[in-house]
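**Student:**
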Amino acid sequence: MSNPAEAPGAAAPFEDTLDTALTNVEHQISLFWRRARSVSQQLSREVHPDMEPAAYGLLTVIRKSGPIRLTELASCIGVGKPSVSRQIAFLESIGLVLKEADPLDGRAQTIRLTAEGEEKMHQVQDARRQVFRERLGEWPVEDLEALAAYMAKLNATYERDGFPKDGV
Numbered sequence: 184m185s186n187p188a189e190a191p192g193a194a195a196p197f198e199d200t201l202d203t204a205l206t207n208v209e210h211q212i213s214l215f216w217r218r219a220r221s222v223s224q225q226l227s228r229e230v231h232p233d234m235e236p237a238a239y240g241l242l243t244v245i246r247k248s249g250p251i252r253l254t255e256l257a258s259c260i261g262v263g264k265p266s267v268s269r270q271i272a273f274l275e276s277i278g279l280v281l282k283e284a285d286p287l288d289g290r291a292q293t294i295r296l297t298a299e300g301e302e303k304m305h306q307v308q309d310a311r312r313q314v315f316r317e318r319l320g321e322w323p324v325e326d327l328e329a330l331a332a333y334m335a336k337l338n339a340t341y342e343r344d345g346f347p348k349d350g351v
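See below:
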């Protein structure tokens, strides 16, 4: 008598369990991604009413890295230079970033936050931290540390597969 789990064409129990677990992970990450984008949308509007969440993300990278070239910025976030260039032009037009000659190569430019950009980002990132505190503040510290460790492991997997590292 054969075991139904071992019948030809039937998936092994481990594969079923793995597929179910991966489906659950995919669902939870997608749900978190949508909610995180919604929060970013709200926070970007606090910086400027016409700002897109992508521009807010650029400000975050620029703030963390300091002056950065456009090509490095595009590489950091994994999008094309034209998309980043358009967002930077918008941020420059509202006075949040400034382009200046690269001290290492006068032909190139670096982008940095203006004093106003720095102040706005300080206010908005404080608000972002408050959102996390409100949502996760009641979690045990051990759970938060475990979540951070698992997210770091997930990010390291993507970096191993060629995605840009968060070196900023």
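Each residue of the sequence shown is one higher than the one before, starting from 184 at the first, in the numbering used here.
No residue lacks a Cβ here, since even glycine has one placed at the ideal position from N, Cα and C.
For clarity, every value in this text was computed on a predicted model and none was experimentally measured.
With distances taken Cα to Cα, identify the nearest neighbour of Phe-215 among Phe-315, Lys-336, Ala-339.
**Tutor:** Along the sequence shown, read from residue 1 onward, the residue named residue 215 stands at position 32. Residue Phe-315 is the option with its Cα nearest to Phe-215.
**Student:** Which of helix, strand or coil does DSSP assign to Glu-321?
**Tutor:** One-based indexing of the sequence shown puts residue 321 at position 138. Three-state DSSP puts Glu-321 in coil, outside helix and strand.
**Student:** Within this structure, are the beta carbons of Phe-307 and Val-208 separated by less than 7 Å?
**Tutor:** Position 124 of the sequence shown, counted from the start, is the residue given in the question as residue 307. Position 25 of the sequence shown, counted from the start, is the residue given in the question as residue 208. It should be pointed out that residue 307 corresponds to Val in this sequence rather than to Phe. The answer is no: Cβ separation not under 7 Å.
**Student:** Starting from the Cα of Ala-238, find the closest Cα among Ser-213, Gln-270, Lys-247 and give me that residue.
**Tutor:** Your numbering for residue 238 matches position 55 in the sequence shown. It is Gln-270 whose Cα lies nearest to the Cα of Ala-238.
**Student:** Using the three-state DSSP reduction, which class does Glu-342 fall into: helix, strand or coil?
**Tutor:** Sequence index remark: in the sequence shown, residue 342 carries index 159 (1-based). Residue state, collapsed to three classes: helix.
**Student:** On a Cα-Cα basis, can you pick out the residue from Arg-218, Arg-290, Lys-247, Pro-236 that is closest to Gln-224?
**Tutor:** Here residue 224 refers to the residue found at position 41 of the sequence shown. Among Arg-218, Arg-290, Lys-247, Pro-236, the Cα nearest to that of Gln-224 belongs to Pro-236.
**Student:** Considering only their Cβ atoms, is the gap separating Ile-245 from Ile-251 smaller than 7 Å?
**Tutor:** For the purposes of this step, residue 251 is taken as residue 68 along the sequence shown, with counting starting at 1. For the purposes of this step, residue 245 is taken as residue 62 along the sequence shown, with counting starting at 1. In this structure, Ile-245 lies closer than 7 Å to Ile-251 by Cβ.
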